[in-house]
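Comments concern the structure below.
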Amino acid sequence: MSDTTATRAGADFRKPTPRERLLNPVRTVWHWVYSNLHLGLESYHVLDAMAFRPLGAGLLSERHPWVTGMAPELGRPIWPENIVYASPRAETWRGPPPEDDQTIATKIGSFLAAMVQRSLYDPEIPHGPKRRMPHGVNYLHGSIHYNGGLVIFNDMRDGRLHLSDAAFTREVRRFASEERRELTIVLRERSYHPDEYAWFVAFVRARLRWYANGNGPTKRRVLWGTPSPYAAVNPINGSWVRDVRMLRHGRLDELARPPIEKPYFRAAYRGWQADYTFLERFHAWAQSLLIRAKGFQGNLAFTKRRRIEPQRWDAFRHGEGGWETSYRVPHPFASIERVRARRAAANAMPEESGTVPASAARVARG
45 MSDTTATRAG ADFRKPTPRE RLLNPVRTVW HWVYSNLHLG LESYHVLDAM AFRPLGAGLL
105 SERHPWVTGM APELGRPIWP ENIVYASPRA ETWRGPPPED DQTIATKIGS FLAAMVQRSL
165 YDPEIPHGPK RRMPHGVNYL HGSIHYNGGL VIFNDMRDGR LHLSDAAFTR EVRRFASEER
225 RELTIVLRER SYHPDEYAWF VAFVRARLRW YANGNGPTKR RVLWGTPSPY AAVNPINGSW
285 VRDVRMLRHG RLDELARPPI EKPYFRAAYR GWQADYTFLE RFHAWAQSLL IRAKGFQGNL
345 AFTKRRRIEP QRWDAFRHGE GGWETSYRVP HPFASIERVR ARRAAANAMP EESGTVPASA
405 ARVARG
């Protein structure tokens with residue numbers, strides 16, 4: 045686990061260079077094209093594990109590290125050991141101070157380990173409300189939570205401060221290339237507006253070349269995200285494919301990798317992108333339209349919502365209530381300042397994170 049760098053919490057963004065301004069939209073479009081092509085390949089491997097050659101229940105024992113999260117060589121949970129970067133914590137917070145990073149990492153890891161546990165037993169838990177994902181999808185989360193690394197930021201501003209520094213994104217690529225592990229970006233603060241989070245996910249996809257999901261503790265999902273104790277963005281680089289292949293071939297002793305020891309992210313980082321671009325907001329909005337066009341299926345890709353939420357399907361089919369599968373994202377053709385001003389006037393919520401009124405907190409936290 046690496047130490048934090050000298051980057052000051054709450055540091056100001058630097059001025060972008062002319063080259064950064066010029067290349068930013070080009071890189072953004074290229075990353076989205078690449079990520080969609082890469083996603084197609086990964087989708088094939090997901091379908092292989094859940095449909096073409098489906099993995100069944102009971103492939104792992106109750107004591108396997110993917111199930112327990114316990115590192116055999118340490119005798120304790122592995123997740124705090126795999127924090128490869130944690131930004132300096134803010135000195136003040138708009139709301140109550142967040143939990144310590146070890147607790148945050150443990151909650152994220154335990155949540156994902158619980159998904160693997162649902163594929164532990166044979167006879168199995170039927171696919172439905174109690175097991176929302178096919179076994180193949182549950183197993184791949186073992187690779188993400190146990191073998192993967194964690195990057196922790198204070199909030200979305202802190203994330204932009206780091207990820208708009210080319211040195212930081214180069215280190216992300218170096219980590220993926222050398223370690224061949226997945227990486228999860230976690231935000232310490234849990235209160236945020238879904239619009240801002242949708243834009244942040246699009247920003248991450250603009251800075252990194254992999255598809256990314258934005259998971260979090262909101263009542264309804266943000267874009268293609270799923271539930272999570274904290275806002276957690278997963279730039280999926282595909283390292284999980286090798287791990288699931290080893291699981292298929294019964295190489296269970298090779299699945300659990302040791303804690304990450306090599307140091308990464310040792311520099312001081314200070315990016316330039318203080319806010320979201322039109323392209324990033326457009327991408328989030330377009331994804332929202334696509335999700336809504338799918339009707340009841342919404343943001344689910346590899347499982348049928350009717351199967352796992354039969355009661356909601358009946359209500360949806362009979363036109364009962366105004367239930368929606370995901371949040372709407374505002375269109376990008378109005379200025380970002382105007383969108384935030386309208387939101388603040390309507391909901392009295394903060395721009396990105398911090399304390400929210402009781403009526404709004406129920407929406408933001410779920």
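In this note's numbering, the protein residues as written are 45 to 410.
Ideal placement from N, C-alpha and C gives every residue a C-beta, glycine not left out.
These figures come from a predicted structure and were not determined experimentally.
Based on the DSSP output, what are the partners of residue i in its beta bridges?
i    : result
M114 : P121
R97  : In the DSSP output, where bridge partners are listed per residue, R97 has none listed.
G258 : V277
G172 : R175
Y129 : V195
R265 : S370
P271 : G260
Any idea if residue i is buried or exposed, counting beta-carbon neighbours within 10 angstroms, 16 or more meaning buried?
i    : result
S87  : exposed
A411 : No answer is possible for residue 411: it lies beyond the span of the chain, which begins at 45 and ends at 410.
L164 : buried
T262 : buried
D202 : buried
V70  : exposed
E226 : buried
G260 : buried
V73  : exposed
N68  : buried
H362 : exposed
V230 : buried
A402 : Residue placement at A402 is flagged as unreliable, the pLDDT there being 37, under the threshold of 50; the coordinate-derived value follows with that caveat. Classification for A402: exposed.
N191 : buried
D56  : exposed
P376 : buried
T112 : buried
R84  : Per the sequence shown, residue 84 should be read as Gly rather than Arg. With fewer than 16 Cβ atoms within 10 Å of its Cβ, G84 is classed as exposed.
D287 : buried
F322 : exposed
Need the endpoints of the beta strand (DSSP E) that residue i sits in, please.
i    : result
I152 : That residue, I152, is in no beta strand (DSSP E); its alpha helix (DSSP H) goes 145 to 161.
Would you give the residue range spanned by the alpha helix (DSSP H) that residue i belongs to?
i   : result
V40 : Outside the shown range of the chain (45 to 410) lies residue 40, about which nothing can therefore be said.
W76 : 62 to 91
Please check if any C-beta of chain D sits within less than 7 Å of the C-beta of residue i.
i   : result
R97 : No chain D is part of this structure, which consists of one protein chain only.
* For the stretch 175 to 238, which segments carrying the alpha helix (DSSP H) assignment without a break, of at least 4 residues, lie completely within its bounds, in sequence order? -> Segments of the alpha helix (DSSP H) lying fully in the stretch 175 to 238: 179 to 186, 200 to 207, 210 to 223.
* Please confirm if the stretch 142 to 157 is in contact with the stretch 192 to 199, defined as three or more CB-CB distances below 8 Å between the two stretches. => Pairwise C-beta distances place the stretch 142 to 157 in contact with the stretch 192 to 199, as three or more of them are shorter than 8 Å.
* Asked: Is there contact between the stretch 230 to 238 and the stretch 339 to 354, where contact requires at least three CB pairs shorter than 8 Å?
  -> Contact fails: fewer than three Cβ-Cβ distances are below 8 Å.
* Asked: Counting Cβ pairs closer than 8 Å, one from the stretch 170 to 183 and one from the stretch 351 to 360, do we hit at least three?
  -> Contact holds: three or more Cβ-Cβ distances are below 8 Å.
* To do: Tell me the start and end of each unbroken alpha helix (DSSP H) in the stretch 325 to 388 that is at least 4 residues and wholly inside, in chain order.
  => Complete alpha helix (DSSP H) runs here, min 4: 349 to 352, 354 to 361.
* contact_flag[the stretch 289 to 300, the stretch 101 to 109] where n(CB pairs < 8 Å) is 3 or more -> The answer is yes - the stretch 101 to 109 touches the stretch 289 to 300, with three or more Cβ pairs under 8 Å.
* Would the stretch 323 to 333 and the stretch 369 to 382 be scored as touching if the rule is three or more Cβ pairs under 8 Å? -> Under the 8 Å Cβ criterion, the stretch 323 to 333 counts as touching the stretch 369 to 382, having at least three qualifying pairs.
* Should the stretch 213 to 228 be regarded as contacting the stretch 278 to 287, the criterion being three or more beta carbon pairs within less than 8 Å? -> Touching, per the Cβ criterion.
* Asked: Three or more C-beta pairs closer than 8 Å, one from the stretch 152 to 162 and one from the stretch 117 to 124: is that the case here?
  -> Three or more beta-carbon pairs separated by less than 8 Å link the stretch 152 to 162 to the stretch 117 to 124, which places the two stretches in contact.
* To do: Taking 8 Å as the threshold, find out whether the stretch 310 to 324 comes into contact with the stretch 109 to 118 through three or more Cβ pairs.
  => Flag = no, the stretch 310 to 324 and the stretch 109 to 118 do not touch.
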